[in-house]
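Notes for the one structure printed next.
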Amino acid sequence: MDEVAVAMVIGRTEAEGPGVRTAIWVQGCPFRCKGCCNPEFLRFAGGTARTVDGLAEEVARAGGEGISLLGGEPFAQAPALARLAAAVRAQGRSVMVYSGYTLAELQGSEAPAGAAALLQHVDLLVDGRYEQAQRTTTRRWIGSDNQVLHFLTDRYQPEDPRFHEPNTVELHLVDGRVVLNGFPVDGARTRL
């Protein structure tokens, strides 16, 4: 598969992972976590079909430290995103993925197609379904206390002070809309 169903892209953000990154939200998620901060990205219908090569070029133009893949659920489109992650890593950039699947699920026999291929190119993985009752504001890049940040390569170290700051929020103009991204707000993503 050479295309990804993309819900939204922010070319340069510091709220979705370490350093300045390109954040790519994919369309579609098999989970329906209560209180999801991106309910508009849950349906598999919708989004914009984007080529892997086009996305990789956009990441290169944006510069920055790497990409963050969010959703929706990135592992629902793992084969195409594995190719994107490989291309981004070939640029010398890092890859961070936010997933409702746990790492054990992604490595197990019931893992989504292409999960192993995508994991090969991931530096940081935030795993686990969002649990509204465990919502947190104190763990950087984490929405609920059950979620775990996995350091899958040695590119980043847990001692890095960036991993011990509270979550942040940013406002961006995306396709003529003001978008709030970063810390998961109560209810739907706020758009003005």
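Each residue of the sequence shown is one higher than the one before, starting from 16 at the first, in our numbering.
For every residue, glycine included, the Cβ atom is placed at its ideal position computed from N, Cα and C.
Please read all numbers here as calculations on a predicted model, not as lab measurements.
- For Leu57, the secondary structure class from DSSP, reduced to helix, strand or coil, is coil.
- Ranked by Cα distance from Ala97, the options Ala148, Leu186, Thr152 and Val19 are led by Val19.
- Contact between Leu133 and Ala100 holds, with the beta-carbon distance rounding to 6 angstroms and staying under 8 angstroms.
- Around the beta carbon of Gly123, fewer than 16 other beta carbons sit within 10 angstroms, so the residue counts as exposed.
- In the structure shown, Gly69 falls within a helical segment according to DSSP collapsed to helix, strand and coil.
- In the same chain as Leu167, and ignoring 5 residues on each side of it, the C-beta atoms closer than 8 angstroms to its own belong to Leu134, Val137, Asp138, Leu139 and Leu140, in chain order.
- Contact check for His165 against Leu195 fails: the beta carbons are separated by 8 angstroms or more.
- If you draw a straight line from the Cα of Glu185 to the Cα of Arg27, it comes to about 11 angstroms.
- Distances from the CA of Thr183 to each of Gly197, Thr63, Val189 and Arg170 were compared; the closest alpha carbon is that of Gly197.
- Selection Phe46, Gly69, Asp68 and Gly78 evaluated against Phe59 yields Phe46 as nearest (Cα-Cα).
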